[in-house]
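Asks:
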Amino acid sequence: MTEMVLGDVRCHLFDRPGRMSEPVESAVQFQHFCFSASAAEDLVGLRRRWIELHESRRYTFAIDEQPTDIVLDDGVQSFYTYDVNGLEFEFTFVPDGLS
Ligand SMILES: [Fe+2]
36 MTEMVLGDVR
46 CHLFDRPGRM
56 SEPVESAVQF
66 QHFCFSASAA
76 EDLVGLRRRW
86 IELHESRRYT
96 FAIDEQPTDI
106 VLDDGVQSFY
116 TYDVNGLEFE
126 FTFVPDGLS
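Here the sequence shown is numbered in this note's numbering, starting from 36 and rising by one per residue.
#1: Buried or exposed for F128, please, with buried defined as at least 16 other CB atoms from any protein chain shown within 10 angstroms of its CB.
#2: Collect the residues with a C-beta less than 5 angstroms away from any heavy atom of ligand 1 and give them in sequence order along the chain.
#3: Measure the C-alpha to C-alpha separation of V79 and G110 and round it to an integer number of angstroms.
#4: Ignore the nearest five residues each way along the sequence and tell me which others in P102's own chain have a CB closer than 6 angstroms to its CB.
#5: Could you tell me the distance, in whole angstroms, from the CA atom of P130 to the CA atom of H67?
#6: Using CA coordinates, which residue listed in F96, L107 and N120 is at the minimum distance from F126?
#7: Kindly list the residues whose CB is nearer than 7 angstroms to the CB of D104, restricted to its own chain and excluding five residues on each side of it in sequence; keep chain order.
#8: Looking only at C-alpha atoms, which of F65, F96, F70 and H89 sits nearest to V44?
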């Protein structure tokens with residue numbers, strides 16, 4: 036995994052087995068985008084808002100799944116979800132001192 040960081044935007048690039056493209060095409064593709072929240076409470080609101088939009092049925096989602104629960108990993112809180120195109124998004128909060 037390679038992480039590119041620009042301000043609060045983090046792009047995570049993965050080389051994943053079993054996902055090769057045609058030989059003439061690039062094998063590089065986005066696995067997910069990661070956006071950093073400035074406060075842990077913001078994750079709760081972002082997740083709630085994502086669920087509200089999903090349940091509104093105003094949009095058709097290529098991957099029809101609700102966001103994950105907010106998980107805690109080495110002090111970092113995150114949840115994952117899919118946009119309407121099926122691209123995975125990660126929303127995360129990294130406390131001061133861990134970034
Ligand atoms: Fe990530």
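Ideal placement from N, C-alpha and C gives every residue a C-beta, glycine not left out. This structure is a prediction, so every number in the text was calculated from the model and none was measured.
Replies: Taking the definition as stated:
#1: Classification of F128: buried, given that the 10 Å Cβ count is 16 or more.
#2: Near ligand 1, meaning a beta-carbon closer than 5 angstroms to one of its heavy atoms, we find H47, C69 and E125.
#3: C-alpha of V79 to C-alpha of G110: approximately 16 angstroms in a straight line.
#4: R82, W85, F114 and T116
#5: Here the alpha carbon of P130 sits roughly 21 angstroms from the alpha carbon of H67.
#6: Comparing Cα-Cα distances from F126 to each of F96, L107 and N120, the minimum goes to L107.
#7: Within the same chain, D104 has close Cβ partners F114.
#8: F70
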